[in-house]
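Chemist: First the structure, then my questions, so here it is.
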Amino acid sequence: MACANGHEDTTIHCRAGGIMMMLCRPGLRYGSSPLRRETPDRRSWLDRVIVRGLASRRKRQYTESGSSPWLRRLTERRNALDALTQDQRQAQRTALAQRMRHTSVSEECLDEALAMACLAVEDTMDMTPRANQCLSAHAMLHGNCVEMATGEGKTLSVALAASAAALSGTPVHVMTSNDYLAERDASGLEVLYRGLGLQVASVVSTQEPAERRRAYAADIVYTTAKQVAFDWLNDTLQSGAESDSLRSRLGVLATLPSRAGQTPLLRGLCLAIVDEADSLLVDEARVPLVLAKAQKGGATSDTEATVALGLAEQLLEGTDFVVQSSHRTVQLTDAGRAELSRLSQSIAQLWRSSRYREESVGQALTALHGYVKDRDYIVRDGALELLDGHTGRALPDRRLPHGLHRMLELKERCSSSAEQETIASLPFQQFFRRYVALVGISGTLQEVSAELHHVYNCLIVPIPLHRPSRRIELPARVFVNRSAQLQALVAAVKKRHARQQPVLVCTRSVEQSLGVSATLKAHGLAHQVLNAYQDAQEAQIVAAAGQAGQITIATNMAGRGTDIELGSGVADLGGLHVISLAFNEAGRLDRQLAGRAARQGDPGSFQAMPALDDPFLVEAMPALSARLACVLARRGWHGFAMAMIRLAQRRQEWRHEQERLALYRSREALERQLAYGGRQHHLS
8 MACANGHEDT TIHCRAGGIM MMLCRPGLRY GSSPLRRETP DRRSWLDRVI
58 VRGLASRRKR QYTESGSSPW LRRLTERRNA LDALTQDQRQ AQRTALAQRM
108 RHTSVSEECL DEALAMACLA VEDTMDMTPR ANQCLSAHAM LHGNCVEMAT
158 GEGKTLSVAL AASAAALSGT PVHVMTSNDY LAERDASGLE VLYRGLGLQV
208 ASVVSTQEPA ERRRAYAADI VYTTAKQVAF DWLNDTLQSG AESDSLRSRL
258 GVLATLPSRA GQTPLLRGLC LAIVDEADSL LVDEARVPLV LAKAQKGGAT
308 SDTEATVALG LAEQLLEGTD FVVQSSHRTV QLTDAGRAEL SRLSQSIAQL
358 WRSSRYREES VGQALTALHG YVKDRDYIVR DGALELLDGH TGRALPDRRL
408 PHGLHRMLEL KERCSSSAEQ ETIASLPFQQ FFRRYVALVG ISGTLQEVSA
458 ELHHVYNCLI VPIPLHRPSR RIELPARVFV NRSAQLQALV AAVKKRHARQ
508 QPVLVCTRSV EQSLGVSATL KAHGLAHQVL NAYQDAQEAQ IVAAAGQAGQ
558 ITIATNMAGR GTDIELGSGV ADLGGLHVIS LAFNEAGRLD RQLAGRAARQ
608 GDPGSFQAMP ALDDPFLVEA MPALSARLAC VLARRGWHGF AMAMIRLAQR
658 RQEWRHEQER LALYRSREAL ERQLAYGGRQ HHLS
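Residue numbering for the sequence shown follows our numbering, beginning at 8 and increasing consecutively.
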């Protein structure tokens with residue numbers, strides 16, 4: 008393909024004539040238009056109305072008249088393929104792949120590819136794809152994000168879409184929440200892809216560069232956004248291209264030698280299918296991708312950090328400093344600055360600089376009072392690991408910047424890790440926008456539909472349930488403090504356990520899960536705990552959570568990507584009962600937790616039991632609202648108290664949305680300022 012603006016011709020591994028033509032929407036297309044999504048810099052109430060209208064039209068397309076004729080055509084094609092011999096099927100599949108790779112993809116080609124994928128599922132996995140799974144795959148192949156209820160078979164829907172796209176020769180990246188899910192899905196679906204003549208691989212954090220390069224050469228790659236983003240940044244830096252140059256935007260790296268003479272890892276950023284799309288495209292958007300390398304001079308840094316911690320421990324909270332827990336920052340008072348000046352007179356000359364000592368001690372105070380063990384991080388095998396605030400999973404390869412991470416390690420007396428020097432940085436939002444086509448699927452997307460359309464130009468398509476939901480959502484109970492909450496929890500668990508109904512207790516943090524575990528243990532209730540400390544046993548704990556009489560305590564890591572199957576006879580007992588003790592910063596997370604129960608038409612129940620002294624809720628709720636909620640809870644008006652909590656939750660959602668949009672706008676403004684000659688490069 009030749010490039011505009013006089014650039015040399017370069018081979019691109021993402022074919023223009025393949026499935027990408029079906030996925031490209033206005034503002035993201037080949038030809039004279041720029042290879043990037045054109046979105047307004049600001050959103051108004053009118054944008055939201057337009058998005059709702061477009062989404063409503065798409066919903067009617069997939070739930071009313073548009074779905075039945077298409078499903079009938081798909082069934083007819085599948086039956087026609089089923090009547091062929093294996094050799095005839097293979098010949099027809101080869102012919103279809105050649106046609107899709109060398110010409111534009113028509114609706115007929117797309118339907119035939121999906122029919123082949125559905126038949127391959129039946130032949131290799133002894134399963135029949137359901138109608139809503141086929142609709143999900145069809146919607147994603149047309150460039151939409153899909154909202155599909157938890158338990159409806161999102162993994163297979165993604166596999167159908169990935170298969171049809173890969174048959175056209177398009178490299179497909181399927182992004183999941185963590186390494187465990189990437190390895191699980193790649194190995195579990197290998198038999199399906201092999202039956203279609205496709206190669207599948209997974210890329211995880213433990214792999215070496217040579218192994219990663221082989222994995223990325225596969226037709227379909229299961230990985231995490233973090234892994235592929237860092238590999239792309241490494242490739243970009245080694246090739247000598249700037250992150251906003253034409254070469255990096257195209258991902259044309261496989262045919263370009265790097266400065267070190269190495270073959271790049273990736274074949275380009277062509278099609279990304281994002282599982283749990285709201286988590287990766289929205290929640291993670293505030294976390295920048297930072298590529299760093301080890302820095303020398305660790306001994307000196309450790310000495311200075313130790314001195315800063317020693318000084319910080321001598322200051323008094325409320326007198327010398329104030330903790331702003333909502334932002335995890337500490338503000339020195341005038342009295343604190345004076346006391347710090349007095350304490351530093353007897354130590355090295357460096358500490359007599361007011362700016363240096365206040366910044367260093369401020370970092371130390373943040374480490375001591377802004378970050379809490381088992382809430383923000385864990386200590387495992389002598390090493391400090393940060394925790395994901397949304398899922399509760401450990402993030403062993405993520406570090407806090409500006410020496411704060413080393414401060415935490417010294418605070419907990421952990422083994423020292425080398426200080427990191429930033430080489431390159433890129434927000435997740437900008438990275439995902441570099442894919443030629445981006446689609447996704449999740450059980451909770453409606454709440455962020457306007458943001459997804461604004462940033463990624465994706466519309467949301469809700470997919471109907473395969474069977475009517477039988478979930479029973481019990482009225483919420485709000486408690487003034489954690490002590491009352493735990494007493495009520497013990498009574499509720501004992502009641503369910505007496506009739507052998509399985510119970511899943513959901514908590515926000517590792518700290519809370521350990522406290523609940525100690526309480527249940529004191530009352531003689533045997534249980535399993537699933538948090539960041541037990542992530543290696545996640546599969547076994549989740550597999551047993553739906554068995555009769557089982558009690559499981561888990562952080563939000565049990566809320567995504569896991570399928571709790573009911574044991575024998577459990578459906579007659581009422582199915583899985585889920586109790587949420589946590590205050591989550593988004594209503595989407597509550598819906599995810601409720602989705603653990605009553606999957607695929609099974610019975611189940613859910614109840615929220617928050618406490619008003621939850622540290623996360625205290626940060627989110629204004630003082631006047633908190634006092635009013637306490638009064639309502641004491642009088643037994645739980646519904647009104649819960650409404651106050653929901654209001655605080657909406658405020659948190661709005662604040663986080665504004666932070667993400669501010670980051671997005673600032674990056675867009677920076678790109679426009681750095682662009683040479685107006686808009687950046689176009690394709691011919």
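All residues carry an ideal CB built from backbone N, CA and C; glycine is no exception.
1. Identify the continuous alpha helix (DSSP H) that holds V625 and give its terminal residues.
2. Going along the chain, which residues of its own chain have a beta-carbon closer than 7 Å to the beta-carbon of S476, five neighbours each way excluded?
3. From this set, L411, D94 and V337, which residue's C-alpha is nearest E324's C-alpha?
4. If you reduce the DSSP assignment to three classes, tell me which class E480 lands in.
5. Determine the direct distance from the alpha carbon of V179 to that of C152, and round the result to whole angstroms.
6. Using CA coordinates, which residue listed in E83, Q95 and T135 is at the minimum distance from E119?
7. Can you give the Cα-Cα distance for V228 and M123, rounded to whole angstroms?
8. Quick one: give me the first and last residue of the beta strand (DSSP E) that M564 is part of.
9. By alpha-carbon positions, which one of Q554, Y540 and D133 ends up nearest to T562?
10. Just checking, does the segment 342 to 361 make contact with the segment 273 to 290 on the three C-beta pairs under 8 Å criterion?
11. For the beta strand (DSSP E) containing K421, name the first residue and the last one.
12. Please report the residue range of the alpha helix (DSSP H) in which P216 lies.
13. Jot down the residue ranges of each uninterrupted alpha helix (DSSP H) in the segment 124 to 155, minimum 4 residues, whole runs only, in chain order.
14. Under 8 Å by Cβ, that's how I've got V455 and V198 pegged, so tell me the actual separation to the nearest angstrom.
15. Please go through the same chain and pick out, in chain order, the residues whose beta-carbon is closer than 7 Å to the beta-carbon of Y671, but skip the five residues on each side of it.
16. Quick one: is V523 near chain D, going by C-beta distance under 8 Å?
17. Could you give the distance in angstroms between the alpha-carbon of H645 and the alpha-carbon of L639?
18. Rank Q659, H473, A551 and G204 by C-alpha distance to the C-alpha of S175 and give the top, closest one.
19. Mapping the DSSP letters down to three states, classify P2 as helix, strand or coil.
20. Which one of L624, V585 and A578 has the shortest CA to CA distance from G608?
21. Where does I354 fall in DSSP's three states?
22. In the DSSP assignment, what are the bridge partners of M107?
23. Could you have a look at D282 and say whether DSSP puts it in helix, strand or coil?
24. What would DSSP say about R642, mapped onto helix, strand or coil?
25. Taking 7 Å as the limit between beta carbons, can you name the residues of its chain near R219, skipping five residues before and five after?
26. Leaving out five residues on either side along the sequence, give the residues of the same chain with a beta carbon under 6 Å from the beta carbon of R413.
27. In whole angstroms, give me the CA-to-CA distance for H530 and V497.
28. If you draw a straight line from the C-alpha of E114 to the C-alpha of H504, how long is it?
29. In the DSSP assignment, find the unbroken beta strand (DSSP E) run with A615 in it and report its ends.
30. So A555 packs on L580, CB below 8 Å; how close in whole Å?
31. Count the other CB atoms, across all protein chains shown, that sit within 10 Å of the CB of T398; report buried if there are 16 or more and exposed otherwise.
32. Give every residue of the same chain whose Cβ lies closer than 6 Å to the Cβ of W52, excluding the five residues on either side of it in the sequence, and list them in chain order.
33. Under the rule that 16 or more other beta-carbon atoms within 10 Å means buried, what is D94, buried or exposed?
34. Is R387 helix, strand or coil by DSSP?
35. Specify the secondary structure class of G204 as computed by DSSP and reduced to three states.
36. Around the C-beta of W358, are 16 or more other C-beta atoms found within 10 angstroms, so that it is buried, or is it exposed?
Modeler: Answer, in terms of the structure:
1. For the purposes of this step, residue 625 is taken as the residue at position 618 of the sequence shown. First-last of the alpha helix (DSSP H) with V625: P622 to A627.
2. The sequence position of residue 476 within the sequence shown is 469, counting from 1. Around S476: A605.
3. Taking the sequence shown and counting its residues from 1, the one referred to as residue 324 is at position 317. Nearest of L411, D94 and V337 to E324, Cα basis: V337.
4. One-based indexing of the sequence shown puts residue 480 at position 473. Correct three-state label for E480: strand.
5. Taking the first residue of the sequence shown as position 1, residue 152 is located at position 145. Taking the first residue of the sequence shown as position 1, residue 179 is located at position 172. Spanning the two alpha carbons is a distance of roughly 16 Å.
6. Here residue 119 corresponds to residue number 112 of the sequence shown, with the count starting at 1. Comparing Cα positions, the closest option is E83.
7. The sequence position of residue 228 within the sequence shown is 221, counting from 1. The sequence position of residue 123 within the sequence shown is 116, counting from 1. Approximately 20 Å, taken between the alpha carbons.
8. Here residue 564 refers to the residue found at position 557 of the sequence shown. It is not in any beta strand (DSSP E) - M564 carries neither H nor E in the DSSP assignment.
9. Within the sequence shown, numbered from 1, the residue matching residue 562 stands at position 555. With distances taken between Cα atoms, T562 lies closest to Y540.
10. no
11. The residue you call residue 421 lines up with position 414 of the sequence shown. Looking at the sequence itself, residue 421 is Cys, so the reference to Lys does not match. Unbroken run through C421: none, as it is neither H nor E.
12. Counting from 1 along the sequence shown, the entry for residue 216 is found at position 209. It spans P216 to Y223 - the alpha helix (DSSP H) in which P216 sits, taken as one unbroken run.
13. 138 to 148
14. On the sequence shown, position 448 is the one that residue 455 refers to. On the sequence shown, position 191 is the one that residue 198 refers to. No, V455 and V198 are not in contact; Cβ-Cβ is about 35 Å, not under 8 Å.
15. The residue given as residue 671 occupies position 664 in the sequence shown. Within the same chain, Y671 has close Cβ partners Q436 and V462.
16. Reference to chain D is not applicable here, since this structure consists of a single protein chain.
17. In the sequence shown, the residue the question calls residue 645 occupies position 638. In the sequence shown, the residue the question calls residue 639 occupies position 632. Their backbone Cα atoms lie some 7 Å apart in a straight line.
18. Looking up residue 175 in the sequence shown gives position 168. Checked all of Q659, H473, A551 and G204; the closest Cα to S175 is G204.
19. Summary: the structure shown does not reach residue 2, with the chain confined to residues 8 through 691, and so no result is reported for it.
20. The sequence position of residue 608 within the sequence shown is 601, counting from 1. Among L624, V585 and A578, the Cα nearest to that of G608 is on A578.
21. In the sequence shown, counting from the first residue as 1, residue 354 sits at position 347. In the structure shown, I354 sits in coil (DSSP, three-state: anything other than H, G, I, E or B).
22. Locating residue 107 in the sequence shown gives position 100, where the first residue counts as 1. BP columns for M107 are empty, so no partner.
23. For this step, residue 282 is matched to residue 275 along the sequence shown. Strand at D282.
24. Stepping through the sequence shown from its first residue, residue 642 is reached at position 635. Residue state, collapsed to three classes: coil.
25. The residue given as residue 219 occupies position 212 in the sequence shown. Result list for R219: V210, D238 and L272, in chain order.
26. Taking the first residue of the sequence shown as position 1, residue 413 is located at position 406. Correct list, in chain order: A312.
27. By 1-based counting over the sequence shown, the position of residue 530 is 523. By 1-based counting over the sequence shown, the position of residue 497 is 490. Roughly 8 Å separates the two Cα atoms.
28. Start at 1 with the first residue of the sequence shown, and residue 114 comes out as number 107. Start at 1 with the first residue of the sequence shown, and residue 504 comes out as number 497. Those two C-alpha atoms are separated by around 53 Å.
29. In the sequence shown, residue 615 corresponds to position 608, counting from 1. P610 to A615 is the span of the beta strand (DSSP E), which, as asked, contains A615.
30. The residue labelled residue 555 in the question sits at position 548 within the sequence shown. The residue labelled residue 580 in the question sits at position 573 within the sequence shown. Contact flag correct, Cβ pair sits at about 7 Å.
31. Position 391 of the sequence shown, counted from the first residue, corresponds to residue 398. Result: buried.
32. Your numbering for residue 52 matches position 45 in the sequence shown. Confidence at W52 is low in this model, with a pLDDT of 49, below 50, so its placement is unreliable and the value that follows should be read with caution. Here the set comprises nothing.
33. Stepping through the sequence shown from its first residue, residue 94 is reached at position 87. So D94 ends up on the exposed side.
34. The sequence position of residue 387 within the sequence shown is 380, counting from 1. Here R387 sits in strand by DSSP.
35. If you number the sequence shown from 1, residue 204 lands on position 197. In this structure, G204 counts as coil in the three-state DSSP scheme.
36. Within the sequence shown, residue 358 is the residue found at index 351, counting from 1. Buried, because 16 or more other Cβ atoms sit within 10 Å of the Cβ of W358.
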